[in-house]
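What follows is a short report on a single structure.
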Amino acid sequence: MTGLLNVYKAEGASSAAAVNRIKKLAGVPCGHMGTLDPLACGVLPVGVGNATRLFDYFLEKTKRYRARFRFGVTTETLDREGALFGEGSVPSAQALQAAANAFVGEIDQIPPRYSAKSVNGRRGYELARAGEQFTLSPKRVSIRSFCLTGQTAPDEFEFEIVCGGGTYIRSLARDLAAACGTLGYMSFLERSQSGPFTAETAVPLEELTKENLADHVIPTESVLPFPRLIDFDYHIFHGIASKTKTADGLYKIYKGEEFYGIACVSGGYAKIKTKLC
3 MTGLLNVYKA
13 EGASSAAAVN
23 RIKKLAGVPC
33 GHMGTLDPLA
43 CGVLPVGVGN
53 ATRLFDYFLE
63 KTKRYRARFR
73 FGVTTETLDR
83 EGALFGEGSV
93 PSAQALQAAA
103 NAFVGEIDQI
113 PPRYSAKSVN
123 GRRGYELARA
133 GEQFTLSPKR
143 VSIRSFCLTG
153 QTAPDEFEFE
163 IVCGGGTYIR
173 SLARDLAAAC
183 GTLGYMSFLE
193 RSQSGPFTAE
203 TAVPLEELTK
213 ENLADHVIPT
223 ESVLPFPRLI
233 DFDYHIFHGI
243 ASKTKTADGL
253 YKIYKGEEFY
263 GIACVSGGYA
273 KIKTKLC
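Under this note's numbering, the first residue of the sequence shown carries the number 3, and numbering increases by one thereafter.
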């Protein structure tokens, strides 16, 4: 079995646990494309079988989130799992949207201390739990839109965030609050889109069984945004560069009518970049 699953993960389950369940159902290696924290819910794309070889082609795809931020207090983990501390004001909706607008574009973001980012071979959350002092380097991320969509409590507001891969929404809560001169943390998170996968078409993890799993597997080639390579000879399947008149770029390549993998065209030659069989 090879393909992709658009899974909806509920709150409380880890991404690793979700993948392990699917692996047992499928009987082949599986992996997810972008971790969702246990407290978050939403879209978790999962590669089944050899489709995991194609993860790199999805890393920079658009992510869309529905997030709630609480203001006036914060937690060490920057989410509701940590103990509350601090005291600050609650900004107005107008102040929050004005501050959020300044984050749109390419920004340098410092990951949360409680994250899987590595420092000298150790995870940030391991160091933080041990009470050790450390510094995480900022990372360049892309924020495409950051819109306030409503107020859900006297001190809590909801936002829709569209961003590139690798963005920490918890860090946005911290930094948006700081831009308004106060404290804040993420109280709720749903990923509603990851690349071509959306919440509207996702299957809840708990509904998957051995009997229906194959019905939900999406053919890998159907969600890859590359055209089909037509102009090549069959030496390409033996690792030999094939002359082509096709423009430079990435292409889906087929052996007969069977999807074979991804080819890269450069300087008039096509060569297999990633194969599935």
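Cβ atoms here follow ideal geometry from the backbone N, Cα and C, with glycine treated the same way.
Just so it is clear, the structure is predicted and the values come from calculations on it, not from any experiment.
Does the Cβ-Cβ distance between Gln195 and Val21 come in under 9 Å? By one-based count along the sequence shown, residue 195 stands at place 193. By one-based count along the sequence shown, residue 21 stands at place 19. Cβ atoms of Gln195 and Val21: not closer than 9 Å.
Whole-angstrom Cβ separation of Met188 and Phe73, contact assumed at under 8 Å? Walking along the sequence shown from the start, residue 188 turns up at place 186. Walking along the sequence shown from the start, residue 73 turns up at place 71. A Cβ-Cβ separation of about 11 Å leaves Met188 out of contact with Phe73 under the 8 Å criterion.
Look at the Cβ atom of Phe199, then the Cβ atom of Asn8, and state whether they are nearer than 9 Å. In the sequence shown, residue 199 corresponds to position 197, counting from 1. In the sequence shown, residue 8 corresponds to position 6, counting from 1. Taking 9 Å as the Cβ cut-off, Phe199 and Asn8 qualify as a contacting pair.
Among Ala85, Thr76, Val143, Leu215, nearest to Ala179 - alpha-carbon criterion: Numbered from 1 along the sequence shown, position 177 holds the residue referred to as residue 179. Nearest option by C-alpha distance: Thr76.
DSSP has Lys254 in a bridge; who is on the other side? Working through the sequence shown from its first residue, we reach residue 254 at position 252. Note: Lys254 sits in a beta bridge opposite Arg230, Ile264.
For Ile112, collect the residues of the same chain with a Cβ closer than 6 Å to its Cβ; drop the 5 residues on either side in sequence, then sort them by chain order. In the sequence shown, residue 112 corresponds to position 110, counting from 1. If we look at Ile112 and ignore the five residues flanking it on each side, its Cβ neighbours are Leu138, Pro140.
For Ile240, does the count of other Cβ atoms within 10 angstroms reach 16, so buried, or fall short, so exposed? The sequence position of residue 240 within the sequence shown is 238, counting from 1. With the sequence shown as reference, residue 240 is identified as His, and Ile is not the correct amino acid for it. By the Cβ-count criterion, His240 is exposed, with fewer than 16 other Cβ atoms from all chains shown falling within 10 Å of its own Cβ.
Skipping 5 residues on each side, what residues in its chain have a beta carbon closer than 6 Å to that of Arg66? Within the sequence shown, numbered from 1, the residue matching residue 66 stands at position 64. Counting only Cβ-Cβ distances below 6 Å, and skipping sequence neighbours, we find Val164, Ser194, Gln195.
Quick one: give me the first and last residue of the alpha helix (DSSP H) that Tyr127 is part of. On the sequence shown, residue 127 is found 125 positions in, with the first residue counted as 1. Its alpha helix (DSSP H) spans residues 126-131.
Range of the contiguous alpha helix (DSSP H) that encloses Ile163: Translated into positions along the sequence shown, residue 163 becomes position 161. Unbroken run through Ile163 is the beta strand (DSSP E), 158-165; no alpha helix (DSSP H).
Euclidean distance between Cα positions of Ala19 and Leu278: Position 17 of the sequence shown holds residue 19. Position 276 of the sequence shown holds residue 278. Their Cα atoms are separated by approximately 25 Å.
Phe228 vs Lys257 beta-carbon contact at 9 Å: Within the sequence shown, numbered from 1, the residue matching residue 228 stands at position 226. Within the sequence shown, numbered from 1, the residue matching residue 257 stands at position 255. Against a cut-off of 9 Å, the Cβ pair of Lys257 and Phe228 comes out as no contact.
Delimiting residues of the beta strand (DSSP E) encompassing Gly70: The count along the sequence shown starts at 1 and reaches residue 70 at position 68. In the sequence as displayed, the identity of residue 70 is Arg instead of Gly. Start and end: 65-73.
Between Phe49 and Leu6, is the Cβ-Cβ spacing less than 9 Å? Locating residue 49 in the sequence shown gives position 47, where the first residue counts as 1. Locating residue 6 in the sequence shown gives position 4, where the first residue counts as 1. Here residue 49 turns out to be Gly, not Phe, going by the sequence shown. Yes, the pair counts as a contact, with Cβ atoms nearer than the cut-off.
Member of Lys25, His218, His237, Arg146 whose CA lies at the smallest distance from the CA of Ile109: Residue 109 sits at position 107 when you count from the first residue of the sequence shown. Of Lys25, His218, His237, Arg146, the residue nearest in Cα terms is Arg146.
Return yes when the Cβ of Ala265 is within less than 9 Å of the Cβ of Leu290, no when it is not. The displayed coordinates of the chain run from 3 to 279. Any statement about residue 290 would go beyond what the structure contains.
Distance, Ser91 Cα to Gly183 Cα: For this step, residue 183 is matched to residue 181 along the sequence shown. For this step, residue 91 is matched to residue 89 along the sequence shown. Looking at the two C-alpha atoms, the distance is approximately 8 Å.
Which residues share a DSSP beta bridge with His34? Position 32 of the sequence shown, counted from the first residue, corresponds to residue 34. DSSP lists Val48 as partners of His34.
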